[in-house]
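Asker: Number 341 marks the last residue of the sequence shown (numbering that gives the first Met the number 0); no jumps.
The beta-carbon is built from N, C-alpha and C at its ideal position, and this holds for glycine as well.
Remember, predicted model here, so these are calculated numbers, not experimental data.
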Amino acid sequence: MRPGLTAGQAWSELAHAVLEGHRPGAAEALAILESPDDELDSLLEAATLVRRRYYGDVVKLNYLVNAKSGVCPEDCHYCSQSRISTAAIDRYQLLPSEDVAARVGRGVELGASTCCIVISARGPSGRELRGVCESVRLAKEQHPGVKICACLGLLSDDQAEQLRAAGVDRYNHNLNTARDHYDAICSTHTYADRETTVRTVKRAGISPCSGVIVGMGETREQLVDAAFALRDLGAESIPVNFLLPIRGTPLERAPARLTPAFCLKVLCLFRLVCPDREIRVSAGREAHLGPLQPLSLYPANALFLADYLTEPGQPAEEDMRMIDELGLRVEPLGAPIGPIAA
Numbered sequence: 000m001r002p003g004l005t006a007g008q009a010w011s012e013l014a015h016a017v018l019e020g021h022r023p024g025a026a027e028a029l030a031i032l033e034s035p036d037d038e039l040d041s042l043l044e045a046a047t048l049v050r051r052r053y054y055g056d057v058v059k060l061n062y063l064v065n066a067k068s069g070v071c072p073e074d075c076h077y078c079s080q081s082r083i084s085t086a087a088i089d090r091y092q093l094l095p096s097e098d099v100a101a102r103v104g105r106g107v108e109l110g111a112s113t114c115c116i117v118i119s120a121r122g123p124s125g126r127e128l129r130g131v132c133e134s135v136r137l138a139k140e141q142h143p144g145v146k147i148c149a150c151l152g153l154l155s156d157d158q159a160e161q162l163r164a165a166g167v168d169r170y171n172h173n174l175n176t177a178r179d180h181y182d183a184i185c186s187t188h189t190y191a192d193r194e195t196t197v198r199t200v201k202r203a204g205i206s207p208c209s210g211v212i213v214g215m216g217e218t219r220e221q222l223v224d225a226a227f228a229l230r231d232l233g234a235e236s237i238p239v240n241f242l243l244p245i246r247g248t249p250l251e252r253a254p255a256r257l258t259p260a261f262c263l264k265v266l267c268l269f270r271l272v273c274p275d276r277e278i279r280v281s282a283g284r285e286a287h288l289g290p291l292q293p294l295s296l297y298p299a300n301a302l303f304l305a306d307y308l309t310e311p312g313q314p315a316e317e318d319m320r321m322i323d324e325l326g327l328r329v330e331p332l333g334a335p336i337g338p339i340a341a
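1) If you scan the stretch 156 to 200 from start to end, which runs of the beta strand (DSSP E) of 3 or more residues do you find wholly inside it?
2) What are the uninterrupted segments assigned as beta strand (DSSP E) that are 3 or more residues long and contained completely in the stretch 93 to 145, given in chain order?
3) Please confirm whether V57 and I339 have their CB atoms less than 8 Å apart.
4) Is there contact between the stretch 264 to 280 and the stretch 6 to 19, where contact requires at least three CB pairs shorter than 8 Å?
5) Spatial neighbours of V64 within its chain, please: CB distance less than 8 Å, with the 5 preceding and 5 following residues excluded, ordered by chain position.
6) Using a threshold of 8 Å, state whether the C-beta atoms of V350 and S209 are closer than that.
7) Are R284 and F241 touching if we call contact CB-CB under 8 Å?
8) Beta-carbon separation of L174 and G214 under 8 Å?
9) Going by C-alpha distance, which of S206, C262 and R230 is nearest L42?
10) With DSSP collapsed to three states, give me the class of A149.
11) Is it the case that the Cβ atoms of V145 and A138 are separated by a distance below 8 Å?
12) Check for me: the beta strand (DSSP E) holding R279 runs from which residue to which?
13) Tell me whether E73 is buried or exposed, calling it buried when 16 or more other Cβ atoms sit within 10 Å of its Cβ.
14) Flag this pair as yes or no: are the beta carbons of C148 and Y170 separated by less than 8 Å?
15) If contact is defined by three or more beta carbon pairs under 8 Å, each pair taking one atom from either stretch, is the stretch 35 to 53 in contact with the stretch 77 to 85?
16) Could you pull out every residue in the same chain whose Cβ sits closer than 7 Å to the Cβ of D323, ignoring the five residues on either side in sequence?
17) I believe N61 touches A234 by the beta-carbon criterion, under 8 Å. Please report the beta-carbon distance rounded to the nearest angstrom.
18) Applying the 10 Å Cβ sphere with the 16-neighbour rule, what's the burial state of A177?
19) Is P249 closer than 8 Å to I83 when the C-beta atoms are compared?
20) Which runs of the alpha helix (DSSP H) fall wholly inside the stretch 289 to 315 and span at least 4 residues, in chain order?
21) If you check the beta carbons only, do A305 and D318 fall under 8 Å apart?
22) Should Y91 be labelled buried (16 or more other beta-carbon atoms within 10 Å of its own) or exposed?
23) In whole angstroms, what separates the C-alpha of R50 from that of Y181?
24) Since L266 and V280 are thought to touch, with beta carbons under 8 Å apart, how far apart are those beta carbons, to the nearest angstrom?
25) Measuring alpha carbon to alpha carbon, tell me which residue in V135, E33 and L153 is nearest E97.
26) So, at 7 Å on beta carbons, what are the nonlocal neighbours of L294 in its own chain, with the 5 sequence-adjacent residues on each side left out?
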């Protein structure tokens with residue numbers, strides 16, 4: 000950004016540069032997060048310009064299906080389902096395929112075009128992989144046009160191929176944070192393990208989904224590093240979560256409070272660093288954005304509808320009303336994955 004410009008001119012100039020192929024550097028990205036709150040309107044306007052170039056006025060709705068809850072051997076400090084969590088949650092093994100397909104149907108009924116089947120695990124067992132594949136085939140047979148995302152943990156090449164053959168369109172495996180902060184939130188698998196899984200699904204022809212959880216004690220510089228890593232890794236869908244400090248987890252006392260303005264700056268960061276990617280405002284949006292939540296859909300073009308895996312979200316009816324009042328429209332069932340405009 001050139002000196003001598005007003006804040007509005009500077010952010011607008013950056014947005015237009017991004018649309019012409021400019022990749023923001025570390026200083027520019029950090030400036031987004033460190034910008035004064037009185038520049039937020041101009042920053043949001045710049046991010047919206049980029050969002051509308053690639054996604055118009057469309058909002059993609061995703062719906063989570065918790066197909067296996069709890070009983071996870073990993074120690075992710077933010078997660079209510081980890082082996083070290085004492086959170087009061089439902090715990091059950093993999094649901095029958097009929098039940099999973101019915102839950103996908105509920106998501107479609109609410110307006111979701113993509114449903115994500117999630118299991119708590121380091122990676123799927125042979126039985127679990129077969130069960131998920133059966134669920135995917137049944138859900139797609141019963142609900143033509145629905146896109147299926149899977150989130151099953153670490154994957155091998157063969158497992159990824161089986162999921163693709165079953166009809167999985169997208170696979171989620173979040174990096175969660177920056178490489179040099181990862182050891183502070185998990186010790187049972189590595190950041191490199193997560194990178195490998197994202198590359199594995201991409202190699203299998205499945206659209207890679209990977210994102211972050213903001214508010215786990217990372218620095219602003221580390222948050223910028225995470226955004227660059229996801230851009231360079233080729234994540235096509237990036238869920239941006241804001242930490243829900245769940246009682247019974249090591250992070251139940253959040254390291255720092257997230258303000259609504261900072262959360263919006265984070266979403267602008269991801270839109271300007273990853274301009275043509277799906278940016279999904281995810282868990283914690285209700286708690287951290289509060290009355291500013293509708294503004295999240297200026298930089299972001301997607302959200303999770305209704306509840307999260309073990310935590311309640313905003314009722315789906317309120318999500319739909321929010322979208323309508325913004326003058327946006329919901330992505331129809333059967334729409335292709337990826338940007339709708341160039």
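Answerer: Once the coordinates are examined:
1) 169 to 171
2) 113 to 118, all fully within the stretch 93 to 145.
3) In this structure, V57 places its C-beta atom within 8 Å of the C-beta atom of I339.
4) A contact exists between the stretch 264 to 280 and the stretch 6 to 19.
5) V99, R102, V103, G106, C114, C115, I116 and V117
6) Here the chain comprises residues numbered 0 to 341, so residue 350 is not present and cannot be evaluated.
7) yes
8) no
9) C262
10) strand
11) yes
12) E277 to V280
13) So E73 counts as buried.
14) Contact: yes.
15) no
16) Short of 7 Å from the beta carbon of D323, and not among the five residues preceding or following it, lies no beta carbon of its own chain.
17) About 15 Å; that fails the 8 Å criterion.
18) buried
19) Contact flag set, yes.
20) none
21) yes
22) exposed
23) 29 Å
24) 6 Å
25) V135
26) Excluding residues up to 5 positions away in sequence, L43 and L263 lie with their Cβ nearer than 7 Å to the Cβ of L294 in the same chain.
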